[in-house]
Every structure is written in structure tokens, then in C-alpha cells.
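Peer 1: In the numbering used here, the protein residues as written are 89 to 354. Just so you know, even glycine gets a beta-carbon here, dropped at the ideal spot from N, CA and C.
1) Give me the residue from 174, 124 and 261 with the minimum Cα distance to residue 202.
2) Taking DSSP's pairing of strands, which residues face residue 342 in a bridge?
3) Over the uninterrupted alpha helix (DSSP H) stretch that includes residue 107, give me the two end residues.
4) Buried or exposed for residue 153, going by 16 or more other Cβ atoms inside 10 Å?
5) In whole angstroms, give me the CA-to-CA distance for residue 354 and residue 318.
6) From residue 212 to residue 176, what distance separates their C-alpha atoms?
7) Can you have a look at residue 99 and say buried or exposed, based on whether 16 or more other CB atoms are within 10 angstroms of its CB?
8) Would the segment 267-278 and the segment 334-346 be scored as touching if the rule is three or more Cβ pairs under 8 Å?
9) Exposed or buried, which one is residue 94 when buried takes at least 16 other CB atoms within 10 Å?
10) Is the segment 242-257 in contact with the segment 304-312, if contact means three or more CB pairs nearer than 8 Å?
11) Once the 5 residues before and after residue 81 are set aside, which same chain residues still bring their CB inside 6 Å of it?
12) Compute the Euclidean distance between the alpha carbons of residue 241 and residue 200, then round it to the nearest angstrom.
13) Nearest by alpha-carbon distance to residue 118: which of 130, 127 and 150 is it?
14) Kindly give me the distance between the Cβ atoms of residue 216 and residue 167, rounded to whole angstroms, as I take these residues to be in contact under 8 Å.
15) In this structure, how does DSSP classify residue 101 when only helix, strand and coil are distinguished?
16) So the alpha helix (DSSP H) residue 355 belongs to, where does it begin and stop?
17) Run through DSSP, which three-state label would residue 293 get?
18) Counting only runs of 3+ residues fully inside the segment 114-154, write out the beta strand (DSSP E) ranges in chain order.
19) Would you call the segment 98-113 in contact with the segment 133-140, where contact means no fewer than 3 C-beta pairs closer than 8 Å?
20) Mind reading off the beta-carbon distance from residue 326 to residue 257? Whole number of angstroms is fine, and I expect it under 8 Å.
21) Since residue 183 is in the alpha helix (DSSP H), which residue starts that stretch and which ends it?
22) I'd like to check one pair, residue 130 with residue 147: are the Cβ atoms closer than 7 Å?
23) Rounded to the nearest angstrom, what separates residue 110 and residue 222 at their Cα positions?
24) Less than 8 Å between C-beta atoms, sequence neighbours within five positions excluded: which residues of the same chain meet that for residue 350?
25) What do you reckon, are the CB atoms on residue 106 and residue 145 nearer than 7 Å?
26) Who does residue 349 pair with in a DSSP beta bridge?
27) Measuring CA to CA, which of 348, 206 and 238 is closest to residue 266?
28) Which residues in the same chain have their Cβ closer than 8 Å to the Cβ of residue 292, if we skip the five residues on either side of it in sequence?
29) Is residue 96 helix, strand or coil by DSSP?
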């Protein structure tokens, strides 16, 4: 019998009813500002959909013309509930959402098991929302694909970049980094700090501090890999919870970015 990681935050971060979830995601995607890009990698926020769903949709909408080519998604995000050393494989055969199951890419998992920083922890994945909330968007945009969810704990940016290098491959592989920006700052302060963080990402400058992005380590690892592979980052959206569904006293920042091959390089 296959081992399935069931949804942990359905009904909390997004609707638990399949029909309602499908409609909500499609509405976010339909309303997303169009960008004529072909991303190799995305940075996407991971709050409840009422807060960051529209920002996330801006990133996922860029995949429409690539949907038939993408067959594997490498998904990295920070751990929020379980402290781990390194980067954890989920130790299951599939992840489930109200929209169905997504098979784990066994070949991709096997390709990185030899790395010292890679471990296996179903416990780290069991209640983790940062990876799960990306799945309904991927299921709504892509067709036939597998996923490799990686929970990033106490690791270095270089260790993340090494994992990405092992899994890079061609246009059939998409990399998604799940990260929010600053947390619980006043609105104007958050705007300033988040702008500075985004500028660092656009300039491929790292490290990105954890207090400026909860997924700072996987973001920094992507920056290293992006520089090596001559990718160019594009800002798609930058907002915070004060712009979407929260008050402005203590906000959380959200950005969507896409990384494409740089056609202007020599």
C-alpha cells in the first residue's frame, strides 16, 4: 500500500471542499496580472489563501504556456513546526490535497540521498503548511507531474544550492521556493524592509536573512544556483497582509518572483 501524506491545513489555509478549492484557485489565476515569461524557478508566498493567494497566483499564472512541458516540480520551503538539521525528504509515496494525489518523484529523491545534508523525516512534513499550500495551485496549472517536497531546516544556502544542482535538469523540471517575507512589522516598516529584500533577490545578492524572509535559506540557495545558471529574476508582485486581508499594525510580507534564462548574456 502506498504511504500518503494527507492534507494538514485544508480548511485552515485553503478550502477543504474540492469544488470550492478548485473554483477559488481558478479565480485567483484568472485575476492574475499576465507576464510573458517562461520560468525555470519561482519564489511564492505560503500564507492562507485569503492573505497571499492572489500573490501566489501571479507566479503560477506564468506557467500556463509551459504546463505541458513541466513533468517534475522540486518544491522547497522552511520548516515551521519541527526543528531539523539539513534538508528533509518526506518519506512517503504521495502528497494528497482535496484535488487529488501527487506522486513523489522517486528518481529525484534517490538522486540526492547521498548528500550529507539530506535526511528523511515524515514528522517534519506531517504538519508543514509551507509546501502543502503550493500543491493546489500546481494541480490547477500543470497536468501530469510529480513533486519532490523538501523541508529545509538548519542548513546553509550552499547546501540548498548543491541539492538544486543535482536536480536542475531541463525545461521539464520546475523549481519552486516557498517563502513569505517580513513578519509582524508595522505596514510602512514592512514595505521598506520587503522592498530591500526583493532588491537583493533581483540583484542575486545573498544571504537573505531569516527575519526578512522565513524561507531565507532556500531563497539564498536558489540565488546561488540562479547565478551559476545565468537566470534572471523578475518581480511579479509585492504586497503584504495589510493590502489583502489584515490590519496594518502587524503585517506579513509576500512577494512573487520568476527566474528565467537570461537571453542578454554572452
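Peer 2: In this structure, then:
1) The shortest C-alpha to C-alpha distance from residue 202 to any of 174, 124 and 261 is the one to 174.
2) Under DSSP, residue 342 shares a beta bridge with 327.
3) Note, residue 107: alpha helix (DSSP H), 106-119.
4) Under this definition residue 153 is an exposed residue.
5) Low confidence applies to residue 354: its pLDDT is 44, below 50, so where it sits in the model is not reliable, and the reading given next is rough at best. For residue 354 and residue 318, the distance between alpha carbons rounds to 10 Å.
6) When rounded, the distance between both Cα atoms is 7 Å.
7) Per the 10 Å Cβ criterion, exposed.
8) A contact exists between the segment 267-278 and the segment 334-346.
9) Exposed, since its Cβ has fewer than 16 Cβ neighbours within 10 Å.
10) Between the segment 242-257 and the segment 304-312, the count of Cβ pairs shorter than 8 Å is three or higher; the stretches touch.
11) Since the first residue shown for the chain is 89 and the last is 354, residue 81 is missing from the structure and cannot be characterised.
12) If you draw a straight line from the Cα of residue 241 to the Cα of residue 200, it comes to about 16 Å.
13) Among 130, 127 and 150, the Cα nearest to that of residue 118 is on 150.
14) At roughly 6 Å, the Cβ-Cβ gap stays under 8 Å, so residue 216 and residue 167 are in contact.
15) Three-state DSSP puts residue 101 in coil, outside helix and strand.
16) As shown, the chain starts at 89 and ends at 354. That puts residue 355 outside it, with no answer to give.
17) If DSSP states are grouped into helix, strand and coil, residue 293 belongs with coil.
18) Counting only runs of at least 3 residues, the segment 114-154 fully encloses the following beta strand (DSSP E) elements, listed from N- to C-terminal order: 129-132.
19) Cβ pair count under 8 Å is three or more, so yes.
20) About 30 Å separates the beta carbons of residue 326 and residue 257, which is beyond the 8 Å limit, so they are not a contact pair.
21) It is not in any alpha helix (DSSP H) - residue 183 instead sits in the beta strand (DSSP E) that spans 182-185.
22) Inclusion of residue 147 and residue 130 in the CB contact set at 7 Å is warranted, their separation being smaller than that value.
23) Taking the CA atoms as reference points, residue 110 sits about 13 Å from residue 222.
24) Correct list, in chain order: 318, 319 and 320.
25) Not a contact, by the Cβ cut-off of 7 Å.
26) Answer is 319.
27) For the residues 348, 206 and 238, the minimum Cα distance to residue 266 belongs to 238.
28) Cβ-Cβ distances below 8 Å link residue 292 to 311, 314, 315 and 321 in the same chain, with the five nearest sequence neighbours on each side left out; the list follows chain order.
29) Correct three-state label for residue 96: coil.
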